[in-house]
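Novice:
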Amino acid sequence: MKSIIPNNKNMMKVICTVFFIFIIVFSSCKKFVAIPPPQNQVVTATAFASDQSATSAIAGLYSQIMQTNLLMLNGAMSLFPALSADELYNTSPSPMITPFTNNAISPNDFFTINNRIWRWGYNYIYQANACIEGIARSSGISPAVKNQLTGEVKVVRALCYFYLVNLFGDVPLETTTDYRLNATMPRTSSEKIYQQIISDLSDAQMLLGTNLSVGHTIPDKWTATALLARVYLYQQNWQLAETLSSAVIDSGGYQLESDLNQVFLSTSTGTIWQLAPVAPFFNTAEGYTFIPASNRVKPAYALTPYFLNAFENGDLRKADWTDSVTIGGSTYYYPYKYKVRSGSVKTEYNIVLRLAEQYLIRAEARAHQNNINGAVSDLNIIRQRAGLPPLSDKMNQTECLKAVLKERQTELFAEWGHRWFDLKRTGEVDSVLGAEKSGWKPAAALYPIPFSQLEANPSLTQNPGY
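According to my numbering, the sequence shown is numbered sequentially starting from 10.
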């Protein structure tokens with residue numbers, strides 16, 4: 010199926026529609042969704058009247074995501090979990106940021122970043138639910154476009170729930186726009202949240218075609234498959250994690266860039282899914298956030314000495330994916346995967362999924378199945394690009410899994426929360442952060458449920474330790 014790309018006029022109509030939905034959603038501080046059903050039906054009917062308007066509506070959802078800088082899916086997951094882990098620290102004290110670095114997030118302030126992450130996560134989920142319902146009810150959308158757009162939105166919803174469940178643990182499972190249900194929804198077990206994620210991504214695999222968009226800016230079958238491979242890895246379903254990551258690797262649609270400086274360009278052959286920037290004079294939130302404004306000022310966030318020591322001698326990723334500036338006799342290293350801080354020419358997009366992660370997923374899945382040769386083979390593909398010597402396959406399972414985690418640390422740093430989640434899912438978070446951070450408490454492995462949400466919804470309960 011050929012993808013339908015909305016023109017600028019239609020895009021503006023859709024952005025207005027999405028903004029209108031957003032205003033309705035947040036018009037009440039006491040309830041997450043306070044939208045009268047008749048208004049919702051009018052908005053839905055308008056946005057999903059035809060193939061073109063429906064496609065524009067989904068494009069508007071992507072646009073909304075990319076306009077909300079550092080509030081959930083646009084840069085936030087590359088920054089705040091990295092502060093919570095052992096990758097980054099803020100170079101100047103900040104009442105908003107320091108709690109992430111110190112693992113002492115307060116649930117009490119309505120204006121905290123933690124609260125914004127929760128609110129925007131559920132805002133995107135609400136918009137996704139509205140799109141799914143609107144597409145299903147529409148009689149003006151062709152079956153092929155219905156399948157494509159429903160699959161796209163289910164990928165977005167699955168991605169949001171993946172991050173919410175890994176940040177907060179048990180969270181409300183909202184799959185409808187009915188504010189009466191959502192306003193009193195209790196927390197749902199992480200197991201059931203993952204079941205919903207798997208269901209959404211499995212549906213998307215069947216609904217979506219392959220290679221539908223130039224530049225991989227629209228989710229396709231391989232997007233759903235790649236994210237599902239990650240989900241199965243987190244669920245310790247090693248066989249399916251290997252099977253699905255192999256499917257992506259063997260699809261022929263992606264190739265590892267041999268030059269590390271090409272990996273995060275919008276034209277990278279290793280990109281599975283990326284989000285196009287929409288703000289003027291702006292490429293990615295990561296580039297703008299991590300790169301200092303000039304060589305005369307320190308970066309807002311610097312890489313920790315602990316993380317920098319993880320690089321082996323000669324690792325090209327340290328040379329190409331980090332940079333430094335010396336201010337007042339102190340040298341600060343910062344992430345330099347994205348190399349454009351600002352500019353009107355869009356050369357870098359926000360890469361959500363890339364091929365290298367699939368090799369690392371498969372390596373870990375193979376190691377857990379005691380396929381050491383296969384795991385090491387995958388690791389060496391990543392290491393070769395980094396200019397490192399190959400690992401020997403003469404290692405035991407424990408040594409191999411340790412090598413996988415280390416390779417993930419140096420390949421996926423400051424990207425989408427990988428390190429924070431890896432430490433937690435492998436059971437290493439207490440030992441690693443207990444040694445690196447004074448005052449570390451195991452309860453900090455989950456972010457607190459924002460107090461404003463507990464106040465608005467009496468069915469919610471707080472995470473232990475807060």
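Don't be surprised by glycine CBs; every beta carbon is placed ideally from N, CA and C.
At which residues does the beta strand (DSSP E) containing Ile336 begin and terminate?
Specialist: Per DSSP, Ile336 belongs to the beta strand (DSSP E) from Thr331 to Ile336.
Novice: Considering only C-alpha positions, which residue in the set Thr356, Tyr358 and Asp268 is nearest to Leu325?
Specialist: Of Thr356, Tyr358 and Asp268, the residue nearest in Cα terms is Asp268.
Novice: Taking Ala365 as the reference, which of Pro228, Arg375, Ile390 and Asn191 has the closest Cα?
Specialist: Taking only the C-alpha atoms, the option nearest Ala365 is Ile390.
Novice: Is Ile126 closer than 8 Å to Met81 when the C-beta atoms are compared?
Specialist: Result yes, Cβ atoms of Met81 and Ile126 sit closer than 8 Å.
Novice: Starting from the Cα of Tyr345, find the closest Cα among Asn379, Ile281 and Asn270 and give me that residue.
Specialist: Closest by alpha carbon: Asn270.
Novice: Need the endpoints of the alpha helix (DSSP H) that Asn292 sits in, please.
Specialist: Taken as a continuous stretch (DSSP letters only), Asn292 belongs to no alpha helix (DSSP H), as it is neither H nor E.
Novice: What is the DSSP secondary structure of Ser339, reduced to helix, strand or coil?
Specialist: Looking at Ser339 - three-state DSSP - the assignment turns out to be strand.
Novice: Note down, one range per segment and in chain order, each beta strand (DSSP E) of at least 3 residues found wholly within the region 326–405.
Specialist: As far as the region 326–405 is concerned, its whole beta strand (DSSP E) runs of at least 3 residues are 331–336, 339–344 and 359–363.
Novice: Arg239 to Glu251, Cα distance in whole Å?
Specialist: Those two C-alpha atoms are separated by around 10 Å.
Novice: For Ala139, which residues of its own chain have a beta-carbon under 6 Å away from its beta-carbon, when the five flanking residues on both sides are left out?
Specialist: Around Ala139: Thr186.
Novice: My output table needs one value for Ala43: the three-state DSSP class, helix, strand or coil.
Specialist: At Ala43 the pLDDT is 33, less than 50, meaning the model places this residue with poor confidence; the figure from the coordinates comes in the next sentence. Three-state result, Ala43: coil.
Novice: Which residues in the same chain have their Cβ closer than 6 Å to the Cβ of Gly160, if we skip the five residues on either side of it in sequence?
Specialist: Contacts found: Ala213, Leu216 and Leu217.
Novice: Taking the alpha carbon of Asp60 as the reference point, which residue from Gly143, Thr121 and Ser87 has its own alpha carbon closest?
Specialist: When each option's Cα is compared against that of Asp60, the closest is Gly143.
Novice: Determine contact between the region 96–112 and the region 445–464, defined as no fewer than three beta-carbon pairs at a distance below 8 Å.
Specialist: Yes: at least three Cβ pairs fall under 8 Å.
Novice: Look at Arg371 and Ile258 and say whether their C-beta atoms are less than 8 Å apart.
Specialist: It is a contact, given that the beta carbons lie within the stated cut-off.
Novice: Taking the alpha carbon of Gly323 as the point to measure from, which residue in Arg394, Ala153, Lys348 and Tyr315 has its own alpha carbon closest?
Specialist: The candidate whose alpha carbon is nearest that of Gly323 is Arg394.
Novice: Looking at Thr64: is its Cβ nearer than 8 Å to the Cβ of Leu158?
Specialist: Their beta carbons are under 8 Å apart, which means Thr64 touches Leu158 by this criterion.
Novice: Can you tell me whether Leu190 is buried or exposed? The criterion is at least 16 other CB atoms within 10 Å of its CB, across all chains shown.
Specialist: The residue is exposed, with fewer than 16 neighbouring Cβ atoms inside 10 Å.
Novice: Just curious, the beta strand (DSSP E) that Asn175 is in, first and last residue?
Specialist: Segment Pro152 to Phe177 is the alpha helix (DSSP H) holding Asn175; no beta strand (DSSP E) there.
Novice: Indicate whether Ser351 and Phe291 have their beta-carbon atoms separated by less than 8 Å.
Specialist: Cβ atoms of Ser351 and Phe291: closer than 8 Å.
Novice: Evaluate Thr276 with the Cβ neighbour count: other Cβ atoms within 10 Å of its Cβ, from every protein chain shown; 16 or more gives buried, anything less gives exposed.
Specialist: Thr276 should be labelled exposed.
Novice: On the CB-based measure, 16 or more other CB atoms within 10 Å of its CB, does Ala153 come out buried or exposed?
Specialist: So Ala153 counts as exposed.
Novice: Report buried or exposed for Ser255, applying the criterion of at least 16 other Cβ atoms within 10 angstroms of its Cβ.
Specialist: The residue in question, Ser255, is buried, as its Cβ has 16 or more Cβ neighbours within 10 Å.
Novice: Enumerate in chain order the residues of its own chain whose CB-to-CB distance from Pro459 is below 8 Å, with the five nearest sequence positions on each side excluded.
Specialist: Within the same chain, Pro459 has close Cβ partners Pro116, Phe119, Thr121, Asn123, Asn124, Trp127 and Arg128.
Novice: Distance check for Leu97 and Thr313, CA to CA, integer angstroms please.
Specialist: If you take the alpha carbons of Thr313 and Leu97, they lie about 5 Å apart.
Novice: Give the list of continuous alpha helix (DSSP H) stretches no shorter than 4 residues that lie fully inside the region 406–431.
Specialist: Within the region 406–431, the complete alpha helix (DSSP H) runs of at least 4 residues are 406–420.
Novice: Whose C-beta lies closer than 6 Å to the C-beta of Gln264 among residues of the same chain, with five residues either side of it excluded?
Specialist: Around Gln264: Thr278.
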